[in-house]
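For the numbering used here, add 7 to where a residue sits in the sequence shown, where the first one is 1. For glycine and all other residues, C-beta sits at the position ideal for the given N, C-alpha and C. Keep in mind it's a predicted model, so treat the numbers as computed, not measured. Take a look at the structure set out below.
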Amino acid sequence: MSSQTLQQISTLPQLTKFVTGHDEYGRSEIHESSAFTWSSHDDNKMGFSVAYTTSSSPAVLTNNADLEAHKQTMTKGLGLVNPKGSVVRCVDFAPGYSCSMHRTKSLDYGVVLEGEIEMVLDSGVSKLHRGDIAVQRATNHQWRNTSSTNWARMMFVLLDCETDMKEDLGEGVGGLLPSGN
């Protein structure tokens, strides 16, 4: 089951999102900044925070159309992937936690920000360290926090893609919607 919270469930530092824009003179500025809003999953063993979404590629920034599209996407609900667009999501993994084996219909860039993570594929396991990047190309995969004491954190950028592979959430995460792409 998923529930929105204002703070993350992990012991890792809170993150802040900064969204830029332009003032009436065309100068760059901070449009908004806010602490990440988290949802908890799998009995508080995994936390999600969606930093931003786009609903088209290329993204339409004219007249702040992307800001309104992001608001609408977050209001209607979001699976792991935003069809025809992108998602930037931070994920915190509890010590010793493994998510279920799953596949998204997307091209994903996953960056390890804190800790160490095992990337489990059908063909075997690879250990990723802080700063490492996984490029997931609609493959079946699982994430496993190898520490028995420390939380791990990854940042993912998911881009909708064209592929013959279908989304498969496996056992799934309670409350997570299918992406529909």
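For residue 41 and residue 149, the rounded distance between their alpha carbons: As a position in the sequence shown, residue 149 is number 142, starting the count at 1. As a position in the sequence shown, residue 41 is number 34, starting the count at 1. Rounded to the nearest angstrom, the two C-alpha atoms are 30 Å apart.
Residue of 143, 64, 124 and 142 minimising C-alpha distance to residue 136: The sequence position of residue 136 within the sequence shown is 129, counting from 1. The shortest C-alpha to C-alpha distance from residue 136 to any of 143, 64, 124 and 142 is the one to 124.
For residue 73, the three-state DSSP class (helix, strand or coil): The residue given as residue 73 occupies position 66 in the sequence shown. For residue 73, the secondary structure class from DSSP, reduced to helix, strand or coil, is helix.
First through last residue of the beta strand (DSSP E) which encompasses residue 154: Translated into positions along the sequence shown, residue 154 becomes position 147. That residue, residue 154, is in no beta strand (DSSP E); it is neither H nor E in DSSP.
Cβ separation of residue 176 and residue 96, assumed to be a contact under 8 Å, to the nearest whole Å: Mapped onto the sequence shown, residue 176 falls at position 169. Mapped onto the sequence shown, residue 96 falls at position 89. Contact check for residue 176 and residue 96: beta-carbon distance about 15 Å, past the 8 Å limit, so the pair fails to qualify.
Any C-beta of chain C under 9 Å from that of residue 118: In summary, chain C is missing from the structure at hand, where a single protein chain is found.
Member of 94, 63 and 66 whose CA lies at the smallest distance from the CA of residue 56: One-based indexing of the sequence shown puts residue 56 at position 49. Nearest of 94, 63 and 66 to residue 56, Cα basis: 94.
Rounded distance between the beta-carbons of residue 67 and residue 167, thought under 8 Å: Here residue 167 refers to the residue found at position 160 when the sequence shown is read from its first residue. Here residue 67 refers to the residue found at position 60 when the sequence shown is read from its first residue. Residue 167 to residue 67, Cβ: 15 Å. No contact.
Exposure label - residue 163; buried when at least 16 CB within 10 Å: In the sequence shown, the residue the question calls residue 163 occupies position 156. For residue 163, the number of other beta carbons within 10 angstroms of its own is at least 16, and it is reported as buried.
Beta-carbon contacts of residue 21 that lie in its chain and below 8 Å, excluding the five residues immediately before and after: Residue mapping note: residue 21 aligns to position 14 of the sequence shown, counting from 1. 14, 15, 42 and 43.
Beta-bridge partners of residue 48, as assigned by DSSP: As a working note, residue 48 is residue 41 in the sequence shown. Beta-bridge pairing links residue 48 to 53.
Which listed residue (171, 134 and 64) has its alpha carbon closest to that of residue 122: To locate residue 122, count along the sequence shown from 1; it is residue 115. From the listed residues 171, 134 and 64, the smallest Cα separation to residue 122 is found for 134.
Own chain partners of residue 112 with C-beta closer than 7 Å, once the 5 adjacent residues on each side are dropped: In the sequence shown, the residue the question calls residue 112 occupies position 105. If we look at residue 112 and ignore the five residues flanking it on each side, its Cβ neighbours are 88, 145, 168, 170, 172, 173, 174, 186 and 188.
9 Å Cβ cutoff met for residue 126 and residue 138: Here residue 126 refers to the residue found at position 119 when the sequence shown is read from its first residue. Here residue 138 refers to the residue found at position 131 when the sequence shown is read from its first residue. Against a cut-off of 9 Å, the Cβ pair of residue 138 and residue 126 comes out as no contact.
Which residues DSSP lists as bridging residue 16, in chain order: On the sequence shown, residue 16 is found 9 positions in, with the first residue counted as 1. Answer is none; residue 16 lacks a bridge partner.
Residue 136 - partner residues in DSSP beta bridges: For this step, residue 136 is matched to residue 129 along the sequence shown. According to DSSP, which records beta bridges pairwise, residue 136 is partnered with nothing at all.
Selected residue, minimal CA-CA separation from residue 156, among 110, 131 and 102: As a working mapping, residue 156 is identified with position 149 in the sequence shown. For the residues 110, 131 and 102, the minimum Cα distance to residue 156 belongs to 102.
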